[in-house]
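Okay, so here's the structure we're looking at.
Residue numbers (full-length UniProt numbering): 1 to 1152.
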């Protein structure tokens, strides 16, 4: 039993049930945690709501000591000057649980001082001065103007909480200091000097020195606070003093660009962030997209060397590495901001994983205050987009078949003629009866999707909490396909003095179902004169016969029949994540941090084809009746533990701002997967793998178990002088178990410089320039997206038995010197802002990836043909820019109009690869030279352009033979050989670059406008100047047998001598259908495209009286239209296996 599929699969089923029990327990713990948190928080609120009281007893107590006792017992701090306290009298007291204000009245009764309570601050001033402003307290006799005085003060936020680490600068001298943990500061200044107070996330504030008395300064939250900070996931940097190429997008901006998912919104906003269009899979909700930032840094995944997309950027979520799948499923209402780190100065802190760029995502943290409830709900429809199809209708297709002799070819006897006549008669009668089945619509639906996000948060200065749930249900446009994702999350933050503890707990569950209707291409092939049902409306299994070109006529099977069977194709995952953070503010300048994350992801997949499926139609004739019906089952899990410890120093000394950070991190990851294919089911309804009778023919259970351990040490230095001259440096040393024993460690570093020209004195008179910053960086990062076993000797246990023991066979040669790929990054750019009218950003980058992971050819006498080695380079260079123009703005009416235009061009070339890809390139040639229909023949590789890897050539090049077009006399294609001669013969030796898929320019166009609560956002993407090989023309116009439905452009093919045609003579009436058009420049077309990716109209109910009456703080209604209009220079079938779709949705956002 142990060696049978039953025993193996029962073990997997038990494991699955055990995981379910674990999840049930976890959910119970989460519920109890939320309950206890709520009770605790209610208790905290009750405490903070009572009046403050003080107990104090003693004789002749100095006023300073009284203030210290008050601070200790109540948390209230005192703002005063030392000179004032020198005038104060000592006091004698004996009070118990006296209200704070009563105590202060007694203390100040006979003093030459007075007090005012501002929030949790007691402001002390002289009684002889009557202040007209509670924010600025001044002595009655000001010092002499030229006298240097000591100015003390306190900086708080709108809630009167201290702002720690704010910079207070005397603009005349550029000297200053930072506020301490109580928001206090001390600076030396003269009378009438101007103090500038700045802090990340708050608006700049200026204060005129009128006295040495202590001002209380309240900072206002900045509306653009998030964009003022570069969140790197390790150390937050001030945007104005950062030299790296990094761009931050807020939740508001992301939602303006679309509400499908964060990846689509980024594509609609940033020209360097590309979601590669998949013409096969279209809008399939269960297929993860391919992402690139600034082009390619690695070779394409030709040999399965890489785990996933080798050019995929690194994703960081709340400080920890995460997967593309989690980002894809993340609800956008949870996102606070997304930062793209593009150059070495920005991304080198991630070392060996950062070559392809870094995407840093921060979720919304709990805010203090009373309990707030926020809700967001979306209702959407998914409508199929079939605009790329141009298929023939029933009558036209039948007439075409008759005219081209499909019913008269290969008729060697009267019986053959009679059979073909009968087929034609049946099809003709169907046409006369009006049968014109639009097969493209048969497996499709209008999908109805919903999203919900509910969030609760609140707390006070000491404790804050957050709990929420999100649910996303997507119904795809193919019937039965969908993706359901649910997330439960809680956050608890506790502050004790200068320590902050924060814990995030999250559980995610996903269930994905694929359509039982199979591939969409099966329906696109069907002729429209076929009828899927009989006269009684029942689905038929066989719809007719088609005249096969060389042999017996064949049945045409109804794909809808399979969809009505008990077909199963689904997958899912359950994920548990716990992140814990600690932040210790040792002093205003020194801060220590620590974090640890644990995550576990359990995944499964099940695919069942019942024995009645048409896939097994020939099993009976081949003696395989006992093998009908298959079940493919996959199970796996991955487990990550990540820890970080860091210390940060940030201080302003005079005009010198210094930031230093040291971080140590450790990561251990394990990935386990198992796959079983079983067959032999006796009934369509027994869709459980344990009912299988045997493993699939010539198969056995397969799986993998990989473990990777990594360690890293990071050092970061940031320096700015008077916020004019900027310098950044970072270094990271990485160790990993993935590589050869001789190269486990690697070093990655970066240097960056910047110059804020707008801060220079000679720019003071140019008031229309708000910002002009030049920056440049240089450094090295690494790439390690490949599989963890490439450098090791690999063995497998086979069927060879020696001395009663199974023998192990060597599967791959080890390479102890194998190391990670390294990328040199150079970047130069500038940022400019002109008033509130114009923003401009430009970057030029050049990168060289070295030590590529490749297969080196070795003599067969070694026992293997290749082994893994680091050889070769990839050159990646290009530029990107973004322009924003706001020609009109009226803040009083909440009105504005903003236009955005972005563009990018990046090109990738192979360098110094010598002849290491000779074997690969020869294999591509061999695939084109195989005799059609012979052993090893593959129609796709035979007909489509191959990927050739040749030094000095573009990695996006399209290879084929140059064409002179169709010869008017013969209808055959004429080519140009490598010597420039004309020929009718296609040869691999004549192949050259006939196009390049990389566009000359790609980017986005955008419009944002608003007026009194209404807002309109339009996001478009464009692509100009690239090429595309039009596979539709090849597969549906030339390489055809005539049995399937065809593109209408086939009517433009060559018919008779003298015809000027774009397409060659058809071979439907010839002796073979294996005359295939191979890659030719005739089908390379310029790929220009403009796509209205998102259009949305919204209304914000602001300052509406009925909102308050309804207990609401905010209400916003939005209507979205995604993937709305596509204008293209190419007509090509898009979504051949799964159609593309247009999305229309209505969104409600409310907070209470």
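We put the beta carbon where it would ideally sit given N, CA and C, even for glycine.
- Going by beta carbons, residue 282 and residue 313 fall outside the 7 Å limit.
- Looking at 678, 688, 716 and 711, the one whose alpha-carbon comes closest to that of residue 699 is 678.
- Bounds of the beta strand (DSSP E) holding residue 451 are 447 to 459.
- Pairwise C-beta distances place the region 1137 to 1148 in contact with the region 275 to 295, as three or more of them are shorter than 8 Å.
- In this structure, residue 1091 sits near residue 1126, with a CB-CB distance shorter than 7 Å.
- Note that the region 452 to 472 does not touch the region 288 to 297; fewer than 3 beta-carbon pairs, one per stretch, sit closer than 8 Å.
- Under the DSSP assignment, residue 521 falls outside any beta strand (DSSP E), being part of the alpha helix (DSSP H) whose first and last residues are 521 to 524.
- Just measuring C-alpha positions, the residue of 450, 497 and 942 sitting nearest residue 476 is 450.
- Across the structure, residue 752 and residue 265 are spaced so that their CA atoms are roughly 29 Å apart.
- Secondary structure within the region 1071 to 1150: the alpha helix (DSSP H) runs of 4 or more consecutive residues, fully enclosed, are 1105 to 1109 (chain order).
- Between residue 504 and residue 555, the C-beta gap is not smaller than 7 Å, which leaves the two residues out of contact.
- Residues 427, 428, 431 and 529 of the same chain have their beta carbon placed closer than 7 Å to that of residue 398, with the five preceding and five following residues left out of the count.
- For the 7 Å CB-CB criterion, residue 702 and residue 675 form a contact.
- Beyond the five residues adjoining it in sequence on each side, residue 373 comes within less than 6 Å, by CB distance, of 456 and 1152 in the same chain, given in chain order.
- Its Cα nearest to that of residue 1133, the residue 1035 stands out among 1095, 1081, 1149 and 1035.
- The DSSP-derived three-state label of residue 589 is coil.
- With contacts defined by Cβ atoms closer than 7 Å, residue 571 and residue 512 form a contacting pair.
- Here residue 974 carries a strand assignment [DSSP, helix/strand/coil].
- Listed in chain order, the non-local C-beta contacts of residue 917 below 6 Å within the same chain comprise 949, local neighbours out to five positions each way being set aside.
- Secondary-structure assignment with DSSP links residue 471 through a beta bridge to 452 and 486.
- Exclusion of the five residues before and after residue 561 leaves 539 and 541 as the residues of its chain whose Cβ lies within less than 6 Å of its Cβ.
- Beta-bridge pairing by DSSP links residue 463 to 494.
- Taken atom to atom, the span from the alpha-carbon of residue 774 to that of residue 340 is near 19 Å.
- Burial of residue 483 is indicated by the presence of at least 16 other C-beta atoms within 10 angstroms of its C-beta.
- DSSP, reduced to helix, strand and coil, places residue 112 outside both helices and strands of the structure shown, so it counts as coil.
- Sequence-distant partners of residue 486 (beyond 5 residues in either direction) whose C-beta falls short of 6 Å from its own C-beta, in its chain, are 471 and 509.
- Excluding the 5 residues flanking it on each side, residue 836 has same chain C-beta neighbours closer than 7 Å at 886 and 889, in chain order.
- Sixteen is the threshold: when 16 or more other Cβ atoms of the shown chains lie within 10 Å of the Cβ of residue 577, as they do, the residue is buried.
- Taking a 10 Å sphere around the C-beta of residue 1038, we find 16 or more other C-beta atoms and assign the residue as buried.
- Counting along the chain, residue 429 sits inside the alpha helix (DSSP H) bounded by residues 414 to 432.
- Measuring C-alpha to C-alpha distances from residue 558 to each of 532, 177 and 603 identifies 532 as the nearest.
- Counting only runs of 3 or more residues that sit fully inside the region 717 to 795, the beta strand (DSSP E) segments are 725 to 736, 745 to 756 and 769 to 783, in chain order.
- Sixteen is the threshold: when 16 or more other Cβ atoms of the shown chains lie within 10 Å of the Cβ of residue 270, as they do, the residue is buried.
- The region 60 to 71 makes contact with the region 90 to 98: 3 or more CB pairs, one atom from each, lie closer than 8 Å.
- Closest in alpha carbon position to residue 1118, among 926, 153, 1096 and 912, is 1096.
- When beta bridges are read from the DSSP output, residue 1038 appears opposite no residue.
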